[in-house]
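J.:
There are 2 protein chains.
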Amino acid sequence: MRTARAAFAEKGFAAASMDELTAAAGLTRGALYHNFGDKKGLLHAVIEQIDAEMAVRLAAVGARATDPWRGLLDEYRAYIEMALEPEIQRILLLDGPAFLGDPSLWPSQNACLAETTRRIRDLVADGAIPPVDAEAAARLLNGASLHAALWVAASGEPEATLAKALDAFGRLAEGLARP
Amino acid sequence: MRTARAAFAEKGFAAASMDELTAAAGLTRGALYHNFGDKKGLLHAVIEQIDAEMAVRLAAVGARATDPWRGLLDEYRAYIEMALEPEIQRILLLDGPAFLGDPSLWPSQNACLAETTRRIRDLVADGAIPPVDAEAAARLLNGASLHAALWVAASGEPEATLAKALDAFGRLAEGLARP
DNA sequence: CAATTCACATACGTACCGTATGCGGAAATG
DNA sequence: CATTTCCGCATACGGTACGTATGTGAATTG
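Keeping their order, the protein sequence lines are chains A and B. Just so we're aligned: 236 in the numbering used here is position 138 of the first sequence, and the numbers increase by one with no gaps anywhere. Just so we're aligned: 204 in the numbering used here is position 106 of the second sequence, and the numbers increase by one with no gaps anywhere.
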């Protein structure tokens, strides 16, 4: 799986050869089909691993904040920055939905999305922000964050672009906080 | 290209066979490689066509509105609804970025994104909304819209989910309108 | 009317996925 | 302790699909 993560991140899922991949890991395709069923099975296992790691990192960021609303913004800032990592962007955010379909249909529900959904639900329950469907808000904010990261990653001036993206994201998020 | 659009929308770019595709069009792969260079070239041509059509539709929606700010919201509502069409969702929004990379790097710049960027820029210039980087705002709103559409499309109850998504989207967009 | 170009077809090599089968060692069984 | 089962993985094979190199007939040009 380490080898797969590296190969998928560098070449993309479609261009990654299972022969090369398994050979690099000191195995053959036989081992792969025995353990993961097929190529998509390996992708799914890798995504599940990455997703779980992201959820842990996000929860840690959110837990550090004293103000819950500020905690949510910190989480999304962290999400955007994580989405800049090639491994996460390529595997989880681009190839995942393209080859496995919408994350909500994955056998292992998106842990990372669940984390932000839960946080928004808590904010609404505590009256910190006006009522809103937590999953809808989380999905839209995740989508906005992802595209911000794609934009920054493709940009020639990552720092300046990231600043613009974070500013615009803050403005959007404010829309949730006001009645 | 008509055949390609149908095949890409139904089976996805990766699973679409060029043999079947060209045969269905009454041609062979020779014609394809002569006109489009390679498989990705065909995808690019198809995406360019769809993107242009979307930009026209979006501009028409925006032009109908009297209030510019309302016009922008109408455009995004239309964008979300267009993103529900399987052809657009699958080809332009899922396979496009996965196989061709970020839209901003496509030779034919994303006309649809350019349309919403221009509209936001006008709103800022007219003082209708506080200053914000127009491209950043357009990208984030596009991302939010796309994920809203993916969510609705994967949902078991499309109408109810769409209502939630549109509500949450309106809340986010309001964040741009307030100081 | 000869020559060139153009659009497309045909044929071939290569790469890769998925499956069916084989094998060696570990574990279980008595 | 001997034997059998089982498990993890390797090997071999078939089928499919992409990209390229080459051929061909019609249209165009001078």
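Note that beta-carbon positions come from the ideal geometry of N, C-alpha and C, so glycine has one too.
#1: Do you know how far the Cα of A/ALA104 is from the Cα of B/ALA73?
#2: Within the continuous alpha helix (DSSP H) that includes B/PRO205, where are the two ends?
#3: What does A/ASP117 reach in chain B if we use C-beta pairs closer than 7 Å?
#4: Short check: CB of B/LEU130 to CB of B/MET116, under 9 Å?
#5: What separation, rounded to the nearest whole angstrom, lies between the Cα atoms of A/HIS225 and A/PRO166?
#6: Are the C-beta atoms of B/THR259 and some chain A residue less than 9 Å apart?
#7: Between which residues of its own chain and B/LEU274 is the CB-CB distance below 7 Å, once the five residues before and five after are set aside?
#8: Taking only beta-carbon atoms, is B/ALA266 less than 9 Å away from chain A?
#9: Considering just the uninterrupted stretch of the alpha helix (DSSP H) at A/GLN147, what are its terminal residues?
#10: Measure the alpha-carbon distance for B/ASP149 versus B/GLY194 and round it to whole angstroms.
#11: Taking 9 Å as the CB-CB limit, is A/GLY225 close to chain B?
#12: Looking at B/ASN208: is its Cβ nearer than 9 Å to the Cβ of A/HIS245?
#13: Go through its chain and collect everything with a Cβ distance to A/PRO256's Cβ below 6 Å, but skip five positions before and after it.
#14: How about A/GLU173 and A/GLY160: do their beta carbons lie closer than 9 Å?
#15: For A/GLU272, return the contacting residues in chain B, with the cut-off set at a CB-CB distance below 8 Å.
#16: Terminal residues of the continuous alpha helix (DSSP H) containing A/GLY268?
#17: Taking only beta carbons into account, state which residues of the segment 157-169 of chain B come closer than 8 Å to chain A, listed in chain order.
#18: Indicate the three-state DSSP secondary structure (helix, strand or coil) for B/ASP193 in the structure shown.
#19: Could you give the C-beta distance for A/LEU182 and A/ALA113, rounded to a whole number, given that I count them as a contact under 8 Å?
T.: So, to answer that:
#1: Residue 73 of chain B is absent from the structure shown; chain B starts at 99 and stops at 277.
#2: Along the second sequence, read from residue 1 onward, the residue named residue 205 of chain B stands at position 107. First-last for B/PRO205: undefined, no H or E at that position.
#3: For the purposes of this step, residue 117 of chain A is taken as the residue at position 19 of the first sequence. Near A/ASP117 there are no residues of chain B at all, since even the closest Cβ is about 18 Å away, more than 7 Å.
#4: In the second sequence, residue 130 of chain B corresponds to position 32, counting from 1. In the second sequence, residue 116 of chain B corresponds to position 18, counting from 1. Less than 9 Å separates the beta-carbon of B/LEU130 from that of B/MET116.
#5: Numbered from 1 along the first sequence, position 127 holds the residue referred to as residue 225 of chain A. Numbered from 1 along the first sequence, position 68 holds the residue referred to as residue 166 of chain A. It is Gly, not His, that sits at residue 225 of chain A in the sequence shown. Rounded to whole angstroms, A/GLY225 to A/PRO166 spans 11 Å at the Cα level.
#6: Start at 1 with the first residue of the second sequence, and residue 259 of chain B comes out as number 161. Judged by the 9 Å Cβ criterion, B/THR259 is in contact with chain A.
#7: Position 176 of the second sequence holds residue 274 of chain B. ILE227, VAL230, ALA235, listed in sequence order.
#8: As a position in the second sequence, residue 266 of chain B is number 168, starting the count at 1. With its beta carbon less than 9 Å from one in chain A, B/ALA266 belongs to the interface.
#9: Numbered from 1 along the first sequence, position 49 holds the residue referred to as residue 147 of chain A. Following the DSSP letters along the chain, one finds A/GLN147 inside the alpha helix (DSSP H) bounded by residues 137-162.
#10: For the purposes of this step, residue 149 of chain B is taken as residue 51 along the second sequence, with counting starting at 1. For the purposes of this step, residue 194 of chain B is taken as residue 96 along the second sequence, with counting starting at 1. B/ASP149 and B/GLY194 have their alpha carbons spaced roughly 11 Å apart.
#11: The residue labelled residue 225 of chain A in the question sits at position 127 within the first sequence. Cβ-Cβ to chain B under 9 Å: no for A/GLY225.
#12: As a working mapping, residue 208 of chain B is identified with position 110 in the second sequence. As a working mapping, residue 245 of chain A is identified with position 147 in the first sequence. Taking the C-beta atoms as reference points, A/HIS245 is found no nearer than 9 Å to B/ASN208.
#13: In the first sequence, the residue the question calls residue 256 of chain A occupies position 158. Cβ neighbours of A/PRO256 beyond the five flanking positions: VAL250.
#14: For this step, residue 173 of chain A is matched to residue 75 along the first sequence. For this step, residue 160 of chain A is matched to residue 62 along the first sequence. Yes.
#15: As a position in the first sequence, residue 272 of chain A is number 174, starting the count at 1. Chain B residues near A/GLU272: GLY273, ARG276.
#16: In the first sequence, the residue the question calls residue 268 of chain A occupies position 170. Per DSSP, A/GLY268 is one residue of the alpha helix (DSSP H) stretching across 256-275.
#17: Cβ contacts with chain A come from no residue of the segment 157-169 of chain B.
#18: Position 95 of the second sequence, counted from the start, is the residue given in the question as residue 193 of chain B. Three-state result, B/ASP193: helix.
#19: One-based indexing of the first sequence puts residue 182 of chain A at position 84. One-based indexing of the first sequence puts residue 113 of chain A at position 15. Contact between A/LEU182 and A/ALA113 does not hold, since the beta-carbon distance rounds to 21 Å and is not under 8 Å.
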